[in-house]
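Remarks on the structure that follows.
Number of protein chains: 2
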Amino acid sequence: MITRTPFSNMKRKVFFLSDSTGMTAENLGKSLLAQFPQIQFESITRPFVDTLEKARKVAAEINQEAHTSDGRPIVVDTIINKEASQIIQQTDSFYIDVFSTFLSPLETELGVKSSLTVGHHYIFAEDSQSVDEAYMSRIEAVHFALANDDGMQLHRYHEADIILIGVSRTGKTPSSVYLGMQFGIKAANYPLIPDDLEIRKLPQALVDHQSKLFGLTIRPARLAEIRHERKPNSNYASLRNCVDEIKEAETLYRQYRIPYIDTTQLSIEEISARMLQRAGIERRVASL
Amino acid sequence: MITRTPFSNMKRKVFFLSDSTGMTAENLGKSLLAQFPQIQFESITRPFVDTLEKARKVAAEINQEAHTSDGRPIVVDTIINKEASQIIQQTDSFYIDVFSTFLSPLETELGVKSSLTVGHHYIFAEDSQSVDEAYMSRIEAVHFALANDDGMQLHRYHEADIILIGVSRTGKTPSSVYLGMQFGIKAANYPLIPDDLEIRKLPQALVDHQSKLFGLTIRPARLAEIRHERKPNSNYASLRNCVDEIKEAETLYRQYRIPYIDTTQLSIEEISARMLQRAGIERRVASL
Numbered sequence: 008m009i010t011r012t013p014f015s016n017m018k019r020k021v022f023f024l025s026d027s028t029g030m031t032a033e034n035l036g037k038s039l040l041a042q043f044p045q046i047q048f049e050s051i052t053r054p055f056v057d058t059l060e061k062a063r064k065v066a067a068e069i070n071q072e073a074h075t076s077d078g079r080p081i082v083v084d085t086i087i088n089k090e091a092s093q094i095i096q097q098t099d100s101f102y103i104d105v106f107s108t109f110l111s112p113l114e115t116e117l118g119v120k121s122s123l124t125v126g127h128h129y130i131f132a133e134d135s136q137s138v139d140e141a142y143m144s145r146i147e148a149v150h151f152a153l154a155n156d157d158g159m160q161l162h163r164y165h166e167a168d169i170i171l172i173g174v175s176r177t178g179k180t181p182s183s184v185y186l187g188m189q190f191g192i193k194a195a196n197y198p199l200i201p202d203d204l205e206i207r208k209l210p211q212a213l214v215d216h217q218s219k220l221f222g223l224t225i226r227p228a229r230l231a232e233i234r235h236e237r238k239p240n241s242n243y244a245s246l247r248n249c250v251d252e253i254k255e256a257e258t259l260y261r262q263y264r265i266p267y268i269d270t271t272q273l274s275i276e277e278i279s280a281r282m283l284q285r286a287g288i289e290r291r292v293a294s295l
Numbered sequence: 008m009i010t011r012t013p014f015s016n017m018k019r020k021v022f023f024l025s026d027s028t029g030m031t032a033e034n035l036g037k038s039l040l041a042q043f044p045q046i047q048f049e050s051i052t053r054p055f056v057d058t059l060e061k062a063r064k065v066a067a068e069i070n071q072e073a074h075t076s077d078g079r080p081i082v083v084d085t086i087i088n089k090e091a092s093q094i095i096q097q098t099d100s101f102y103i104d105v106f107s108t109f110l111s112p113l114e115t116e117l118g119v120k121s122s123l124t125v126g127h128h129y130i131f132a133e134d135s136q137s138v139d140e141a142y143m144s145r146i147e148a149v150h151f152a153l154a155n156d157d158g159m160q161l162h163r164y165h166e167a168d169i170i171l172i173g174v175s176r177t178g179k180t181p182s183s184v185y186l187g188m189q190f191g192i193k194a195a196n197y198p199l200i201p202d203d204l205e206i207r208k209l210p211q212a213l214v215d216h217q218s219k220l221f222g223l224t225i226r227p228a229r230l231a232e233i234r235h236e237r238k239p240n241s242n243y244a245s246l247r248n249c250v251d252e253i254k255e256a257e258t259l260y261r262q263y264r265i266p267y268i269d270t271t272q273l274s275i276e277e278i279s280a281r282m283l284q285r286a287g288i289e290r291r292v293a294s295l
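For the record, the sequence lines run as chains V and C. Using the numbering used here, read the first sequence as starting at 8 and increasing by one per residue. Using the numbering used here, read the second sequence as starting at 8 and increasing by one per residue.
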């Protein structure tokens, strides 16, 4: 019997398996494993395991790890094909079978059998729109975010669902793109430059779209760090300048009652989810 | 007892609950429910349920639905706080408790207790890099994709992990951005325009980076559809032109042994995952 010492420098291999992209296995698996910060995990994703032959190959790889590592590997399996999953299950691993765990009770609840279609994308569409429409709306929203990045194409703001504003490097661009990619939300973004801040009025381009505005802010010290990466030792990156810009931007947000969010400690996913919630914008379809 | 008729126009409300962004609940839930195409699901995501008061409010909302809908709602719960989860569990719903299901056996396997930290982002970092580094590499990769979109900034190709090429509207831009956002992979993209295709040689800008190239192709009929949305009744969108451009692009790919992928039936997630697999590029960290 192996006794493991907590808080030691423990390492574990993790396999995320899927007959599709592997995103569900990765997302779920990483959420679970993040609850064990004492342990270092090293992850391997094996997507498109959509034949028994590929399953056997991955099984061999897992068993190989079991013999060479400290502890047996953890396997997060989202392969839908039962025969393929059984091959994986027989490996020397700690085995999490995501679909089997939940699909069987769901079949009972819903009174129908699951389709268990293998190897193709699992698309979940709201009933109000087709899968294809949902997909195209995401693509279109990504193109929209790019075309309306950094204050470009001001005349298309009437099409925007939301317009992110903030000083340089507060996270506007990644957030705009993510909103389009994940939710099909059309997000434009407009940089508040020193000229805008000086006049202490909402830039003219934004005046007609005030209800769509959402402000980003960040702690000045963090902003200075990020800007130093981009332009070391510039006035742009100086803490003093960052303090001033942030102070003026926040004053503007309050003056015009623009909702805003501090992005300092947040991931792109969190910034986006919080903005949608605050702005009362419904998430649109995302496919996997 | 309610008897449900399969293949009828069945509808079910689904709640995705989280004390964070809700992405894990949505991803897992949608993957599961996509296995039941007979049933129409209407989803409601409630992120940031990070207090008992908020849990009670959502519980009331679920019970309200249970009384007004055909079947009781399905609840996919990824709230980590046990007290909050118990409030949700007592609702009149089909209840899936994602974390409880898997965390307890994982604790046994790993020999340590989970941190059960509530309400903050669950970041999973590979041991080779810090969480902050991982996050910054994603942001940087998104900015890289935007700066190197559509053939811009040719001189930065040496920094790219991969360079996507293809004729207009084959999915280069969304795929490049997704690779950065999700995996921290720096993807540039270069559009093959008719002038490039006519000379039947690799454009000069790409010659020095041949090993990084990955081609996108698509069925001409689908390409014509997509282009018609953008420029109706143009030569650009005509089926004949699309057939020619795709044929020439694929010839170029084969001539230079550039790996390529048909994006016709694939989501952005699938295109990206397949490209990384084919190109042998390891996924980098993604946070949730």
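For every residue, glycine included, the Cβ atom is placed at its ideal position computed from N, Cα and C.
Where residue 93 of chain C sits in the DSSP three-state scheme: helix
Of all Cβ atoms in chain C, is any one closer than 8 Å to the Cβ of residue 150 of chain V? yes
Does residue 67 of chain V pass the burial test, meaning 16 or more other C-beta atoms within 10 Å, or should it be called exposed? exposed
Look up residue 19 of chain C in the DSSP assignment and say whether it is helix, strand or coil. strand
Does DSSP classify residue 211 of chain C as helix, strand or coil? helix
Is the segment 260-269 of chain C close to the segment 233-242 of chain C, with three or more CB pairs under 8 Å? no
Please report the distance separating the alpha-carbon of residue 40 of chain C from that of residue 276 of chain V. 23 Å
Buried or exposed, going by whether 16 or more other CB atoms sit within 10 Å of the CB of residue 111 of chain V? exposed
How long is the line joining the alpha carbons of residue 207 of chain V and residue 265 of chain V, rounded to whole angstroms? 14 Å
Who are the neighbours of residue 30 of chain V on chain C, taking C-beta pairs under 7 Å? 34 and 276
If we define contact as Cβ-Cβ less than 8 Å, is residue 159 of chain C a contact residue for chain V? no
Please check if any C-beta of chain V sits within less than 8 Å of the C-beta of residue 136 of chain C. In this predicted model, residue 136 of chain C has a pLDDT of only 49, less than 50, meaning its place in the structure is not dependable enough to derive any value.
To which residues does DSSP link residue 223 of chain V through a beta bridge? V:268
Find the nearest neighbour of residue 197 of chain V within the set V:248, V:107 and V:171, judged by alpha-carbon distance. V:171
State whether the segment 99-118 of chain C contacts the segment 44-61 of chain C, with contact taken as three or more CB pairs (one from each stretch) at a distance under 8 Å. no
Taking the beta strand (DSSP E) that residue 77 of chain V belongs to, which residues open and close that run? Per DSSP, residue 77 of chain V belongs to no beta strand (DSSP E) and is neither H nor E.
Going by DSSP, which residues form a beta bridge with residue 85 of chain C? Partner residues in the beta bridge of residue 85 of chain C, as assigned by DSSP, are C:25.
Less than 8 Å separating the beta-carbons of residue 296 of chain C and residue 22 of chain C? Past the edges of chain C, shown from 8 to 295, lies residue 296 of chain C, and the structure says nothing about it.
Check this for me: beta carbons of residue 231 of chain V and residue 246 of chain V, under 8 Å apart or not? yes
Residue 223 of chain C and residue 169 of chain C - do their beta-carbons sit closer together than 8 Å? no
Is it the case that the Cβ atoms of residue 193 of chain V and residue 148 of chain V are separated by a distance below 8 Å? It is a contact, given that the beta carbons lie within the stated cut-off.
Is residue 290 of chain V helix, strand or coil by DSSP? Under the three-state reduction of DSSP output, residue 290 of chain V falls in the coil class, being neither helix nor strand.
Distance between beta carbons of residue 77 of chain V and residue 18 of chain V, contact taken as under 8 Å: 6 Å
I need the straight-line Cα distance from residue 80 of chain V to residue 281 of chain C, nearest angstrom please. Using only the alpha carbons, I get a separation of about 24 Å.
Taking residue 215 of chain C as the query, report the chain V residues whose CB atoms sit under 7 Å from its CB, ordered along the chain. Here the premise fails: no neighbours, minimum Cβ distance about 26 Å.
For residue 101 of chain C, which residues in chain V fall below 7 Å Cβ to Cβ? 116
Using the rule of at least 16 other Cβ atoms within 10 Å of the residue's Cβ for burial, across every protein chain shown, is residue 132 of chain V buried or exposed? Residue placement at residue 132 of chain V is flagged as unreliable, the pLDDT there being 47, under the threshold of 50; the coordinate-derived value follows with that caveat. Buried, by the Cβ-count rule.
Return the residue from the list C:236, C:70, C:254 and C:203 that minimises the CA-CA distance to residue 143 of chain V. C:236
If you draw a straight line from the C-alpha of residue 175 of chain V to the C-alpha of residue 146 of chain V, how long is it? 26 Å
For a test of the three-state rule: what should DSSP assign to residue 99 of chain C, helix, strand or coil? coil
Give the straight-line distance between the Cα atoms of residue 186 of chain V and residue 279 of chain V, rounded to the nearest whole angstrom. 6 Å
Please name the residue in V:288, V:120 and V:69 whose C-alpha comes closest to that of residue 191 of chain V. The candidate whose alpha carbon is nearest that of residue 191 of chain V is V:288.
Near residue 225 of chain C, what residues of its chain come up, given a Cβ to Cβ distance below 6 Å and the 5 sequence neighbours on each side ignored? Excluding residues within five positions, the ones whose Cβ falls inside 6 Å are 177, 270 and 271.
Straight-line CA distance for residue 24 of chain V to residue 90 of chain V? 14 Å
Out of C:116, C:180 and C:70, which one is the CA nearest neighbour of residue 298 of chain C? Residue coverage of chain C in this structure runs from 8 to 295, which leaves residue 298 of chain C outside it and unanswerable.
If we ignore side chains and look at the alpha-carbon of each, how far apart do residue 238 of chain C and residue 86 of chain V end up? One C-alpha to the other measures close to 41 Å.
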